[in-house]
Ligand SMILES: [Mn+2]
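Residue numbers (our numbering): 878 to 1178.
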């Protein structure tokens, strides 16, 4: 039975490229494994796959009764539908451990590195398998995407030297320039509806019984996003249904900070938790995982 490698919903480049890399490694190890995506790709990931000539995987609509390798998440609330009834045989991730459970011993590698693709480079090395040029290219992009070109506090030394090695394999001479090129594509939000933007990089969490949603847009400049702030707010309000709070992080990659939009019955929740002023700007806030989720978890404890 074929194994499907798949990342989280609202797929980002790391979730998609990690699934492709896992499938490649497994194939080289003689295991029947194919990459799948949870939903349509965002513009950045489309650009990345196109740039290195890698085919877009098919969408996995349901994981029920399938053999699955989970990448880039371990939370059921972020997973493809039916994951609670899937046979999860492998996990590669760089987030806190979520709530998935398995029926049999699971091949699991979770490390606190900047991207799942960083971990996967180590796995290829461990098995003494070579990463094809095109796959090295998309893995590098995923690493640059997740670490916001090494600017996010989630970046580790391992990410920096793995990026160098991937660049060498992929024949990328200027890593920073590749990152900036990618972020420009990501920042081009003209013509994209507020609804799509709010859900583009959106994750659900449960904190002490409270349902919290957090979306993040990482942009090279916030001008375009702020022009449509009212529309974004409206969409965030719709998203709040059934949840305690919805946050939308408008992260400026160049200025290195985040304008925080918060929809909650608890007025000024964002100020209480993050101490931001009336303008909702939090300087230095780049990472949902490292700077937002832990603070919220602490707050709701
Ligand atoms: Mn990731």
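Backbone N, C-alpha and C fix where the C-beta goes; we use that ideal spot for every residue, glycine too.
Would you kindly report the start and end of the unbroken beta strand (DSSP E) that includes residue i?
i, result
"residue 1129", "1122-1129"
"residue 967", "964-970"
"residue 987", "984-987"
Opposite residue i in the DSSP bridges: which residues?
i, result
"residue 913", "883 and 935"
"residue 1134", "1129 and 1160"
"residue 1081", "1090"
"residue 944", "880 and 964"
"residue 1139", "1124"
Alpha carbon to alpha carbon, what distance is there between residue j and residue i?
i, j, result
"residue 953", "residue 964", "13 Å"
"residue 995", "residue 1115", "36 Å"
"residue 984", "residue 966", "6 Å"
"residue 1096", "residue 1152", "22 Å"
"residue 1088", "residue 1082", "6 Å"
"residue 1022", "residue 890", "7 Å"
"residue 923", "residue 1015", "11 Å"
"residue 1112", "residue 1129", "20 Å"
"residue 1080", "residue 1090", "6 Å"
"residue 1017", "residue 1156", "35 Å"
"residue 1052", "residue 1142", "44 Å"
"residue 1163", "residue 997", "24 Å"
"residue 957", "residue 880", "15 Å"
"residue 1121", "residue 974", "22 Å"
Tell me the residue span of the alpha helix (DSSP H) that contains residue i.
i, result
"residue 1095", "Segment 1087-1096 is the beta strand (DSSP E) holding residue 1095; no alpha helix (DSSP H) there."
"residue 993", "993-1003"
"residue 894", "890-905"
"residue 1018", "1010-1023"
"residue 1102", "1100-1104"
"residue 1036", "1034-1047"
"residue 1064", "1052-1064"
"residue 923", "920-928"
"residue 1175", "1170-1177"
Sufficient close CB pairs (3 or more, under 8 Å) joining the region 918-933 to the region 965-972 = Fewer than three pairs of CB atoms, one per stretch, sit closer than 8 Å, so the region 918-933 makes no contact with the region 965-972.
Any 3 or more C-beta pairs closer than 8 Å across the region 998-1015 and the region 1037-1049 | Under the Cβ criterion (8 Å, minimum of three pairs), the region 998-1015 counts as touching the region 1037-1049.
Taking one C-beta from the region 983-996 and one from the region 900-913 each time, how about it: are there three or more such pairs within less than 8 Å?
-> Not touching, per the Cβ criterion.
Is there contact between the region 922-935 and the region 943-952, where contact requires at least three CB pairs shorter than 8 Å?
-> Contact between the region 922-935 and the region 943-952 is absent, because fewer than three Cβ pairs lie under 8 Å.
Between the region 1097-1114 and the region 1032-1040, do three or more beta carbon pairs fall short of 8 Å?
-> Not touching, per the Cβ criterion.
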